[in-house]
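Structure, as structure tokens:
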Amino acid sequence: NLYFIQSGNAIAAHNEWRQQVGVDGLTWHSDLAHAAQTWANTLQDQACKLEHNPNTPYGENIYWASGTSPTPKSVVDSWGSEKADYDYDTNICKPDKVCGHYTQIVWEKTTEVGCGKAACANEHVWVCNYNPPGNSAGQKPYTQVVQNAKPSLSGIPLTLVDVNTPYQFTPTANDTDSGDTLTFSITGKPDWAHLNTTTGAASST
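The sequence shown begins at 1 in the numbering used here and counts up one residue at a time.
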């Protein structure tokens, strides 16, 4: 069974991957953990056979390892490493690759997780259950958050301008985010100066 500290580590490991894509963290649920442990015990009776529970109503990730008992983080990170084999735009795995464990970890609508583990001689099996279950056909695991890029501004106006000499300055601005509208402003603009907030053109007469 998972002790309290291990359950906390399992949650933290899951939420590290979820944080990368901007979705809320999971919470531990004892019912999910009990169901996961029950299935882990069943697999233990079958010499730690790696097989999904055909009757579970939850999402399910399974892990198998030999040798030293794995840590919660190493188990979850093995699933999370499938991120490299998942293409968000097409919502499919790369050819001949598996990525469903990763997409379940970061499934936005999943809010709860519970895990169990068992050992068979020198082998170890882990089961994690998720609710609501993820990997619904035709759906992406999460809504991608697009960060606004900072607009770039080139051209530096004169810091000192003769009040008796007409002066005009028009900056060159670029914004890689399509659909955004740039609005210009001047801090400390004197009353006699004019600014076009749409183009950024500043002038004085």
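Yeah, the Cβ is synthetic: ideal placement off N, Cα and C, and Gly gets one too.
Backbone CA spacing between residue i and residue j [nearest angstrom]
{"i": "residue 130", "j": "residue 68", "result": "26 Å"}
{"i": "residue 62", "j": "residue 143", "result": "25 Å"}
{"i": "residue 31", "j": "residue 60", "result": "14 Å"}
{"i": "residue 18", "j": "residue 194", "result": "48 Å"}
{"i": "residue 26", "j": "residue 181", "result": "36 Å"}
{"i": "residue 152", "j": "residue 183", "result": "13 Å"}
{"i": "residue 173", "j": "residue 196", "result": "14 Å"}
{"i": "residue 165", "j": "residue 16", "result": "59 Å"}
{"i": "residue 48", "j": "residue 20", "result": "32 Å"}
{"i": "residue 90", "j": "residue 125", "result": "32 Å"}
{"i": "residue 104", "j": "residue 66", "result": "24 Å"}
First and last residue of the uninterrupted alpha helix (DSSP H) at residue i
{"i": "residue 172", "result": "Element bounds for residue 172: not the alpha helix (DSSP H) but the beta strand (DSSP E), 172-174."}
{"i": "residue 266", "result": "As displayed, the chain neither begins before 1 nor continues past 205, which places residue 266 out of reach and without an answer."}
{"i": "residue 80", "result": "72-80"}
{"i": "residue 101", "result": "100-105"}
Start and end residues, beta strand (DSSP E) containing residue i
{"i": "residue 142", "result": "Per DSSP, residue 142 belongs to no beta strand (DSSP E) and is neither H nor E."}
{"i": "residue 117", "result": "112-120"}
{"i": "residue 59", "result": "59-66"}
{"i": "residue 88", "result": "No beta strand (DSSP E) holds residue 88; DSSP gives it neither H nor E."}
{"i": "residue 123", "result": "123-131"}
{"i": "residue 195", "result": "193-195"}
Supposed contact pair residue j and residue i - C-beta distance, whole angstroms, cut 8 Å
{"i": "residue 85", "j": "residue 97", "result": "4 Å"}
{"i": "residue 88", "j": "residue 140", "result": "7 Å"}
{"i": "residue 107", "j": "residue 134", "result": "3 Å"}
{"i": "residue 120", "j": "residue 44", "result": "6 Å"}
{"i": "residue 123", "j": "residue 64", "result": "7 Å"}
{"i": "residue 41", "j": "residue 118", "result": "6 Å"}
C-beta atoms of residue i and residue j nearer than 8 Å
{"i": "residue 37", "j": "residue 116", "result": "yes"}
{"i": "residue 7", "j": "residue 28", "result": "yes"}
{"i": "residue 113", "j": "residue 14", "result": "yes"}
{"i": "residue 22", "j": "residue 145", "result": "yes"}
{"i": "residue 110", "j": "residue 95", "result": "no"}
{"i": "residue 35", "j": "residue 58", "result": "yes"}
Beta carbon proximity, residue i to chain D, threshold 8 Å
{"i": "residue 87", "result": "Given the protein chain composition of this structure (a single chain), no chain D is represented."}
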